[in-house]
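Student: If you scroll down you'll find the structure; I have some questions about it.
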Amino acid sequence: MPDFSFAHRLRQLHRQLDALRAPAALGGALAVALLLQSCATPSRDTQTSFAPQGGPYQVDIRRTALGIPHVKADDWGSLGYGYGYSQAEDNLCTMAEAFVTYRGERSRYFGPQARPETGATFGQPDNLDADFFFRFVADDAAVARYRDSQTPTMRKLIDGFVDGYNRYAGEVRAGDHAGAHAACRGAAWLTPIARADVYRRLYAANLAGGEARFVAAIATAQPPAAQAAAEPHAAIGQRAETLAATAPLEYVGGQAGIGSNALAFGADATHDGRALLFGNPHWFWTGPDRFYQAQLTIPGQLDVSGVSFLGVPLIVMGFNQNVAWTHTVSSAKRFGVFQLKLVPGAPTRYVYDGHEEAMTPVRLNVQARAADGTLHTVTRTLYRSRFGPLVNLGALSPALGWNAQQAFALRDINADNFRVFENFLDWGQARSLDDFIAIQKRNAAVPWVNTFAIGRGDPRAWYADIGAVPDVSAALAQRCTPPLGHAVAARMPGLPFLDGSRSDCDWQSNAQAAQPGAMPAADLPSLARRDYVGNFNGSYWLTNPAAPLTGFAPVVGETGTAQSLRTRLGHEIAAQQMAQPGRVNPASLMQSVLDSRAMSAVLFKDAVLARVCTPAATAHDADLHEACSVLAAWNDEGSANARGATLWDVYWKQLAAIPAQQLYAVPFDPQQPLTTPAGIAADPATLTAALRKAIATLRAAGLALDAPHDAALYVQRDDARIGLYGGCDAEGYFTAACAMHPFDKEAESMNRNPNGNTYLQVVSFDDHGVLAHTLIASSESDDPASPHYADGVRAYAAQRWLAVPFTEEAITRDTQSRRVLSSPSTQMQ
């Protein structure tokens, strides 16, 4: 019988892609050129009407506490219809702007030089660069490949989601829902979306660990002869700040604070012999990548609760009756750089295995709005190589510029990974932990995160960084890394930076891998334990300190390196939980994971004060005496009312800038990775100077040295200022609330680009099914007119966990509102 499975179709697609990548004869080269030329033409999948394009749909949406929708339908299209409607009802303006972004139309509506006001996984590039990037990488060809790779189930879900979103947006456009979505209800950019818009949104999520971190660097990559002819505002000198912001950084999203905590306890560690899971992404509170909590149900086929990104039609992290899972941002590299050796006198031709190859030029047009409202066309020609798009790395170093001798191409493993959301859909239907693990190994699709999971009736806690990772062995990297690559490795250890002139230096292809160039699942780290597994954005190495994982390729992550303060605190919390009488239980875990201690203070404050706050030093210095008194009285916690936390946070930023070999008394020891470095060795003069700077910073901000923590750490909702707790990763806070602008003139704290704890879940199972408690720190809605704009934030600030209604009985009992939506079938337009 012919194989029409999803896996078979993927294999066919990969063979086609391999054929396109191969050194082509004339016919193959023409096919590639025609395929890439289509990038410059507008998508044919457009929609000018809010009317449904499919159906019929019938869906029941019940909202429980905090506005969480429970979407129930009898078919996949109707489920997507209800979910698209619900997301739009709560976050219409953010979603509408995001779809404009993914279509490459920001300059048309918002002007070319402005930037998105909120952060996202693609950063905050200027609009013109964002437009060229998305038109280039998320073009019609990418959309077609994505769509053609999906199962009929996924396509129906997406089709329904589009129609559900359009129904709600159309209602707002028609004047319904008075007072809601004031920011966009009359805006020209609130337009119908098409199916292609959702595929572009999914593709943007794919690329968050790779190409999306290089938006401006890809959008401005030009051969040396073309740079002088670029439009004035695109001059390289004016790009330096943007390129630096989108250069490869430690975290997805480019902000320190974007990460996650996860702990999974096995049966040997818990009070009742049942596995227990904690998940806590440190993520965006605003913008298109913010989390949205829901439950999606098709009786007998799917019943899953958790969160997704806005614009994503399914749950990506959560639980069903049989399994629960969560994620942390992985340290594995999901992209690589290839150094191209250019043909003399031809900066768009490069040498490959001794033969010349031409880059493929793609001419793109973007409509840009001038200050007077008129539109004009901006044109750029961007380039592709056999490896991927050309990238401008000159802002990192002049040595990395595109010149007459060299250029650089970026290859993202997830550019050809169309299994991502099929994998999440499969997980939502998993019947056991074994089933969940088998799905993960079969698809190897997870794009840029670690995975933790538990199963009902299963004693194990599961960890894996099994997903899409470039297949670059240590031997290949050693053999094929050019001198420039070794220099870059100092900033990005493990990044594959390879010689692009030789085929034997390309990523390896293995028949056991899910896609060409990807590492087989068997070569990636995983661990099942009956005690616990945990990750706090370190590498896989110390997932369980009693059983370190080693022996994997450098591209997967580092071992034997100093751990973050948050990692040290995370493992300490796990040990404390397991050592308490009765072992780990949900109530104690919910309390401990909101621990607001600053690990930097726990480990080093007393040693610092002993060297700085001597009677001789403070006797005649009022400022120093006050600061020492405040810090000595502080209990090392970043609670909202803590007096001393803000001073310490600013002080530690100064101390952390001191070289480690000078700051610490005991250097890092890989044999004692969770207890070193230790002690303070910096001289008192250096420590005192740093404290004086911290004092001056607070004074300049108008903050008392003993001001409560929430004077600087808060979020505004409606007319109220809601105080928060915790802090940034650098200070070693497990509970993340990282204000990017705590001391600016506008004193906006977490109001501008906030990130930190977002969706928190503690999940276990008993004989009757799933037991789950959650917090949605940013609330369900970002519309100030919504009743669910602030309720989640207030619950989080009060540490008031929600017992999630999951069963039909519990949902019925807790329903606060209900809406049944239906739509007749209409002819496709």
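Residue numbering for the sequence shown follows our numbering, beginning at 2 and increasing consecutively.
Cβ atoms here follow ideal geometry from the backbone N, Cα and C, with glycine treated the same way.
The structure presented is a predicted model; accordingly, all values stated were derived computationally and were not measured.
Using a Cβ distance threshold of 8 Å, determine whether the stretch 442-450 contacts the stretch 499-511, with at least three qualifying pairs required.
Tutor: Touching, no.
Student: So, ALA679 versus VAL667, is the Cβ gap smaller than 8 Å?
Tutor: Taking 8 Å as the Cβ cut-off, ALA679 and VAL667 qualify as a contacting pair.
Student: In the DSSP assignment, find the beta strand (DSSP E) that holds PHE279 and state where it starts and stops.
Tutor: First-last of the beta strand (DSSP E) with PHE279: 277-285.
Student: I need the straight-line Cα distance from SER780 to HIS789, nearest angstrom please.
Tutor: Distance between the alpha carbons of SER780 and HIS789: 6 Å.
Student: Figure out for me which residue from SER782, PHE419, LEU714 and MET493 has the closest Cα to the Cα of ALA139.
Tutor: Ranking SER782, PHE419, LEU714 and MET493 by Cα distance to ALA139 puts PHE419 first.
Student: Alpha helix (DSSP H) containing GLU90: first to last residue?
Tutor: Segment 77-104, the alpha helix (DSSP H) holding GLU90.
Student: Alpha carbon to alpha carbon, how far is ARG492 from LYS694?
Tutor: Straight-line Cα distance between these residues: approximately 28 Å.
Student: Between LEU656 and GLY346, what straight-line distance do the alpha-carbon atoms span, to the nearest angstrom?
Tutor: Distance between the alpha carbons of LEU656 and GLY346 is about 51 Å.
Student: Run through DSSP, which three-state label would TYR790 get?
Tutor: Coil at TYR790, not helix or strand.
Student: Could you tell me the alpha carbon to alpha carbon distance between PHE100 and LEU297, rounded to whole angstroms?
Tutor: Distance between the alpha carbons of PHE100 and LEU297: 23 Å.
Student: Less than 6 Å between C-beta atoms, sequence neighbours within five positions excluded: which residues of the same chain meet that for ARG64?
Tutor: Closer than 6 Å at Cβ, skipping near neighbours: PRO70, GLN817 and SER818.
Student: Going by DSSP, what residues sit across from ASN536 in a beta bridge?
Tutor: The partner list for ASN536 (beta bridge, DSSP) reads ALA263.
Student: Is TYR110 helix, strand or coil by DSSP?
Tutor: In the structure shown, TYR110 sits in a helix (DSSP, three-state: H, G or I).
Student: Could you tell me which of MET96, PRO153 and THR122 sits nearest to ASN167, measuring between CA atoms?
Tutor: The residue with the shortest Cα to Cα distance from ASN167 is MET96.
Student: Taking one C-beta from the stretch 408-425 and one from the stretch 327-336 each time, how about it: are there three or more such pairs within less than 8 Å?
Tutor: With a cut-off of 8 Å, the stretch 327-336 and the stretch 408-425 count as touching, because enough Cβ pairs lie within range.
Student: Roughly how far, in whole angstroms, is the beta-carbon of LEU570 from the beta-carbon of PHE735, given that I think they are within contact range, below 8 Å?
Tutor: Correct: roughly 5 Å between the Cβ atoms.
Student: At the level of alpha carbons, what is the spacing between VAL344 and VAL352?
Tutor: Their Cα atoms are separated by approximately 6 Å.
Student: When you compare only the Cα positions, how much space is there between VAL392 and ARG385?
Tutor: Cα to Cα, VAL392 sits roughly 9 Å from ARG385.
Student: Between THR551, PHE162, GLY728 and GLN578, which has its C-alpha nearest LEU264's C-alpha?
Tutor: Among THR551, PHE162, GLY728 and GLN578, the Cα nearest to that of LEU264 belongs to GLN578.
Student: What did DSSP end up calling ASN754 once you bin it into helix, strand or coil?
Tutor: DSSP places ASN754 in coil when its eight states are reduced to three.
Student: Counting C-beta neighbours from all protein chains within 10 Å, is the total for SER824 16 or more, i.e. buried, or is it exposed?
Tutor: It counts as buried.
Student: Quick one: Cα of CYS614 to Cα of ALA580, how far?
Tutor: When rounded, the distance between both Cα atoms is 35 Å.
Student: If we count the other Cβ atoms within 10 Å of its Cβ and call it buried at 16 or more, is PRO300 buried or exposed?
Tutor: Exposed.
Student: Please look up how many angstroms separate the CB atoms of GLY280 and THR327, rounded, as I've assumed it's under 8 Å.
Tutor: Yes, GLY280 and THR327 are in contact; Cβ-Cβ is about 3 Å, under 8 Å.
Student: Report all residues from its chain with a CB closer than 6 Å to the CB of ALA529; omit the five preceding and five following residues, and keep chain order.
Tutor: So the qualifying residues of the chain are ARG461 and TRP463.
Student: What span of residues does the alpha helix (DSSP H) with LEU485 cover, start to end?
Tutor: Looking at the DSSP string, the run of the alpha helix (DSSP H) that includes LEU485 is 484-490.
Student: In terms of alpha-carbon separation, which member of ALA490, TYR103, ALA804 and GLN368 lies closest to ALA206?
Tutor: ALA206 has its Cα closest to that of TYR103, out of ALA490, TYR103, ALA804 and GLN368.
Student: What runs of the alpha helix (DSSP H), each 4 residues or longer, lie entirely inside the stretch 562-598?
Tutor: Segments of the alpha helix (DSSP H) lying fully in the stretch 562-598: 566-580 and 587-593.
Student: Once DSSP output is grouped into helix, strand and coil, what is the label at ALA1?
Tutor: Since the displayed the chain opens at 2 and closes at 830, residue 1 lies outside it and no answer follows.
Student: Could you check the C-alpha separation between PRO587 and THR677 for me, to the nearest Å?
Tutor: If I take the Cα positions, the gap works out to 31 Å.
Student: Does the stretch 133-147 come close enough to the stretch 191-204 to have 3 or more Cβ pairs within less than 8 Å?
Tutor: Contact between the stretch 133-147 and the stretch 191-204 is present, because at least three Cβ pairs lie under 8 Å.
Student: Taking the C-alpha atoms as reference points, what is the distance between VAL173 and GLY288?
Tutor: Distance between the alpha carbons of VAL173 and GLY288: 20 Å.
Student: Assign ALA708 to one of three DSSP states: helix, strand, or coil.
Tutor: Coil at ALA708, not helix or strand.
Student: Where GLY238 and GLN223 are concerned, what is the direct C-alpha to C-alpha distance, given to the nearest angstrom?
Tutor: At GLY238, the pLDDT of 35 sits below 50, so the modelled position is not reliable and the matter cannot be decided from this model.
Student: When you compare the CB of PRO53 with every CB in chain B, is at least one pair closer than 8 Å?
Tutor: Considering every chain present, this structure includes no chain B. It has just one protein chain.
Student: For GLU809, count the other beta carbons within 10 Å of its own beta carbon; 16 or more makes it buried, fewer makes it exposed. Which is it?
Tutor: Looking at its Cβ environment, which holds fewer than 16 other Cβ atoms inside 10 Å, GLU809 is exposed.
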